[in-house]
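The structure under discussion appears below in the form of structure tokens.
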Amino acid sequence: QESESENRLDGETASDSEGRSDFGGSSAVPTSDDTPEVLNRALSNLSSRWKNWWVRGILTLAMITFFFIIIYLGPMVLMTIVMCVQIKCFHEIITIGYNVYHSYDLPWFRTLSWYFLLCVNYFFYGETVTDYFFTLVQREEPLRILSKYHRFISFTLYLTGFCMFVLSLVKKHYRLQFYMFGWTHVTLLIVVTQSHLIIHNLFEGMIWFIVPISCVICNDIMAYMFGFFFGRTPLIKLSPKKTWEGFIGGFFSTVLFGWLLSYVMSGYRCFTCPVEFNNDTNSFTVDCEPSELFQLQEYNIPLVLQSVVGWKTVRMYPFQIHSIALSTFASLIGPFGGFFASGFKRAFKIKDFANTIPGHGGIMDRFDCQYLMATFVNVYIASFIRGPNPSKLIQQFLTLRPDQQLHIFNTLKAHLVDRGILGSLEDA
Amino acid sequence: EVDLEERLRELDLRSDSDIPDVPPPTDSTPEILKKALSGLSARWKNWWIRGILTLAMISGFFLIIYLGSFMLMLLVLSIQVKCYHEIITIGYRVYHSYDLPWFRSLSWYFLLCVNYFFYGETVADYFATFVQRREQLQFLIRYHRFISFALYLTGFCMFVLSLVKKHYRLQFYMFAWTHVTLLITVTQSHLVIQNLFEGMIWFLVPISSVICNDITAYIFGFFFGRTPLIKLSPKKTWEGFIGGFFSTVVFGFIFSYFLAQHQYFVCPVEYNSETNRFVTECEPSELFQMKKYSVPPLLQAVLGWETVNMYPFQMHSFALSTFASLIGPFGGFFASGFKRAFKIKDFADTIPGHGGIMDRFDCQYLMATFVHVYITSFIRGPNPSKLLKQLLILQPEQQLSVYKTLKSHLVEKGILQPSLRG
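Residue numbers (our numbering), protein chains in the order written: chain A, 137 to 564; chain B, 5 to 426.
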């Protein structure tokens with residue numbers, strides 16, 4: 137069995153022409169054809185090249201439609217979907233590890249990988265739930281204790297897994313086991329932390345979730361189209377199908393797309409308001425007074441553009457300026473996530489991460505560019521948009537000792553008086 | 005190039021015993037020791053070298069404690085850098101990847117980025133008054149996360165651009181190796197520094213407990229050891245393990261008693277902006293004030309006392325010593341497994357008779373995280389200065405509403421007297 141797999145690895149030449157394998161050429165690991173029968177019959181008349189194109193196109197539309205549906209269904213469903221995507225990505229990458237190292241029969245290992253996934257998710261969800269569901273948590277006694285000692289409980293759970301790993305080390309397989317341990321942890325670092333950052337962005341306002349993801353998708357599609365019609369100069373040896381024309385064309389289209397999409401979305405409260413949990417109705421609400429980011433303002437057009445556009449001022453949302461930053465990142469740096477994944481696939485001689493989506497490969501193949509984006513949006517929000525969360529600060533304050541509380545209160549008071557926000561004689 | 009791919013496949017797929025050993029490290033024992041011990045047999049010579057070096061390290065430790073918090077921080081930082089270097093060097097040797105393009109620079113660059121991020125998050129809080137005075141630092145602090153992320157991204161993009169056709173797999177291995185090493189060494193060292201700022205006692209007692217457990221388990225094993233503990237480390241025995249546990253608990257108890265009396269060890273470390281130095285002066289918290297405890301009836305018969313005067317901290321020291329003796333060794337087993345997996349005897353040969361710095365610190369890693377989690381869960385809540393810093397960067401309206409909420413809370417609890425002046 138081992139020699140067979142080695143032959144398989146040998147057979148795949150490290151050639152760069154991804155294009156060849158895309159058009160039905162021989163692939164290293166023969167992927168089973170997942171395309172549903174319906175599609176197969178409908179497209180049976182076309183040549184295999186156009187058939188592949190149509191399958192990809194139809195699946196793209198299906199995924200985008202699905203995306204719209206779950207947006208419509210609301211934050212709770214979105215969170216669930218993000219969680220499912222995360223688990224599937226984790227599963228795909230771990231399975232690749234198993235395949236690479238032939239380590240299906242390692243003792244305990246599959247159990248341990250899933251256990252670590254559970255621990256890390258428990259830790260992150262606990263932190264999120266504590267922040268956003270504060271009043272709910274305080275009401276229910278068991279939740280309150282779980283939340284108070286949350287870090288300690290998470291750490292204990294993780295330690296249990298760590299000790300089980302150490303106890304499971306078997307003499308002939310030390311190296312393999314360490315490899316899988318490292319592989320699991322790096323995968324957790326990439327997949328789980330990013331998915332939780334996405335959920336944080338979501339809570340900030342659905343627009344912070346939808347615009348970045350759409351920009352990355354748009355960049356993918358636009359770069360492909362520009363490359364298809366105008367592409368000539370190759371961009372990077374790692375991904376020979378990418379061209380400079382596609383890259384630049386994709387950049388400009390994505391900025392424009394982000395601009396327009398933000399304009400449309402900023403008008404609706406359900407997208408711009410932070411998601412809050414309403415204690416009385418026990419459901420999520422998105423209702424608020426839109427912040428200044430989402431209120432129309434007059435901007436003066438720089439003289440240069442005035443002659444081109446013909447207007448002196450323009451009314452737009454401040455958020456649209458931020459959308460330029462988001463789209464720029466999605467077009468210029470996002471592709472590096474894609475190159476990283478391409479390099480990874482070449483390093484381990486796999487064509488796709490998995491065969492979940494016909495014509496597209498696995499979930500990871502679709503989400504490779506999204507990972508850097510999620511972190512960027514989170515850091516961007518934390519640095520430029522909002523400061524810390526006031527309710528979280530209040531919670532932390534309430535757990536301090538009285539003398540510390542008094543000290544902080546007095547410092548805050550002095551600061552407010554200093555800035556003139558609070559009159560010194562005011563009876564607040 | 006074919007050779008490289010073949011070698012990789014062999015490395016991955018062959019069972020452990022087929023892989024050739026990494027050449028043994030050279031003997032770095034100083035000449036003077038060698039001359040002094042030239043008369044003894046090889047076994048005793050080794051024992052003496054280890055003993056002398058142990059005493060040297062412990063003395064060095066005391067010296068640094070005497071020199072103060074700043075020196076301790078520097079020491080922790082140097083140890084972190086050395087541990088990182090040791091583990092990365094092992095990776096190079098295992099994968100024969102000295103000639104990978106860019107890789108050494110990238111590894112050190114990532115170390116720098118992650119350190120920059122952590123120092124900015126934690127240490128900056130403690131130097132709040134120092135930072136307020138300088139404009140450039142204000143800018144760096146406010147946009148700290150963004151700057152750190154941008155630095156990291158640059159490294160990431162450089163990595164992607166440095167991928168070379170024949171070496172993809174190797175490069176990904178080294179990338180992952182670097183990140184796991186960073187996760188282990190850098191995060192733990194920053195937790196150690198945070199524990200240190202909480203009070204030197206939170207730094208000294210855990211580290212001493214681990215060292216004590218190492219030494220006493222070795223001694224008990226030497227004299228009484230018969231039943232092997234775990235296949236990974238054949239020199240460890242159950243007798244050593246249990247003997248070490250009890251000795252460490254007693255040691256921790258007594259050591260805490262002595263340290264808890266001095267403000268120097270007990271007070272949180274603060275930075276005094278006038279004198280530009282660290283000060284440890286405060287009103288000792290209730291943890292470090294003597295209290296009368298009733299001895300449980302069981303022990304009363306044994307000890308003959310009805311009550312005993314102890315510091316509450318000594319109860320916490322039980323938890324710390326227990327962890328050091330029962331779970332800390334798993335860190336050591338992990339490191340032993342790692343050494344066996346990659347066929348190395350020691351991480352490096354920095355310390356004669358002991359091996360590398362990692363060999364001495366492998367049990368400390370879990371301990372540092374445990375102490376940090378313990379402190380944040382059971383001892384204190386969030387860090388007040390960090391909270392204050394975050395309050396000060398809120399929007400004015402948010403600050404006002406927070407102020408009102410806090411005020412009503414404090415009045416309710418009677419901590420603040422409601423007055424007409426507000």
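Yeah, the Cβ is synthetic: ideal placement off N, Cα and C, and Gly gets one too. Because the structure is a prediction, the values reported are computed rather than measured.
Inter-residue spacing [alpha-carbon to alpha-carbon] between residue i and residue j
i, j, result
"B:S21", "A:K308", "With a pLDDT of 43 at B:S21, under the threshold of 50, the modelled position of this residue cannot be trusted; read the value that follows with caution. Rounded to the nearest angstrom, the two C-alpha atoms are 7 Å apart."
"A:Y516", "A:P211", "21 Å"
"A:I544", "A:E277", "29 Å"
"A:G382", "A:L371", "9 Å"
"B:P301", "B:V253", "21 Å"
"B:I69", "B:F131", "21 Å"
"B:F338", "A:V302", "6 Å"
"B:A154", "B:H320", "41 Å"
"B:L157", "B:V312", "58 Å"
"B:K420", "A:I326", "Just to set this straight, residue 420 of chain B is Leu in the shown sequence, not Lys. Straight-line Cα distance between these residues: approximately 47 Å."
"A:G473", "B:L57", "48 Å"
"B:T326", "A:T535", "28 Å"
"B:I215", "B:Y96", "30 Å"
"A:V445", "B:L187", "52 Å"
"B:V80", "B:F269", "17 Å"
"A:L305", "B:G341", "7 Å"
When the options are compared against residue i, the one with the closest alpha-carbon
i, options, result
"B:Q402", "A:K528, A:Y251, A:Q541", "A:K528"
"A:I349", "A:C505, A:N546, A:T547", "A:C505"
"A:Y294", "A:I335, A:Y251, A:S304, A:M316", "A:Y251"
"B:T384", "A:T511, A:T417, A:P538", "What sits at residue 384 of chain B in the sequence shown is Arg, not Thr. Here the closest residue by C-alpha is A:P538."
"B:I397", "B:F262, B:F143, B:F74", "B:F143"
"A:I521", "A:P454, A:K481, A:S463, A:F465", "A:P454"
"A:M401", "A:T379, A:S375, A:L429, A:T421", "A:L429"
"A:C255", "A:G556, A:T231, A:L242, A:G297", "A:G297"
"A:V422", "A:V218, A:T408, A:Q456", "A:T408"
"A:L465", "A:F484, A:G386, A:F533", "Sequence check: residue 465 of chain A is Phe here, not Leu. Ranking A:F484, A:G386, A:F533 by Cα distance to A:F465 puts A:G386 first."
"A:Y507", "A:F480, A:T329, A:T201", "A:T329"
Residue i, DSSP secondary structure in three states
i, result
"A:I557", "coil"
"B:V118", "helix"
"A:V306", "coil"
"B:K240", "strand"
"A:F420", "strand"
"B:F282", "strand"
"A:Y399", "helix"
"B:V312", "strand"
"A:Q433", "strand"
"A:E276", "coil"
"B:K343", "helix"
"A:P348", "helix"
"A:E425", "coil"
"B:E287", "coil"
"B:S260", "helix"
"B:I397", "coil"
"B:M294", "coil"
"B:S166", "coil"
"B:L59", "helix"
"B:I234", "strand"
"A:R192", "helix"
"B:L79", "helix"
Beta-carbon spacing of residue i, residue j below 8 Å
i, j, result
"B:T185", "B:I92", "yes"
"B:Y407", "A:L558", "yes"
"B:L174", "B:L115", "no"
"B:G248", "B:F224", "yes"
"A:G233", "A:M300", "no"
"A:T323", "A:I223", "no"
"A:L338", "A:V236", "no"
"A:F260", "A:H321", "no"
"B:T231", "B:S251", "no"
"B:T126", "A:F291", "no"
"B:D363", "B:F346", "no"
Partner residues on chain D for residue i, Cβ-Cβ distance less than 8 Å
i, result
"B:T189", "Among the chains of the structure shown, chain D does not appear; the protein chains present are A and B."
Exercise for the section: For the region 388 to 414 of chain B, enumerate the residues whose C-beta is nearer than 8 Å to any C-beta of chain A, in chain order. Expected result: P388, L391, L392, Q394, L395, L396, I397, L398, Q399, P400, Q402, Q403, L404, S405, V406, Y407, K408, T409, L410, K411, H413, L414
Exercise for the section: Name, going along the chain, the residues of the region 341 to 373 of chain B whose beta-carbon falls closer than 8 Å to a beta-carbon of chain A. Expected result: G341, F342, R344, A345, F346, L370, T373
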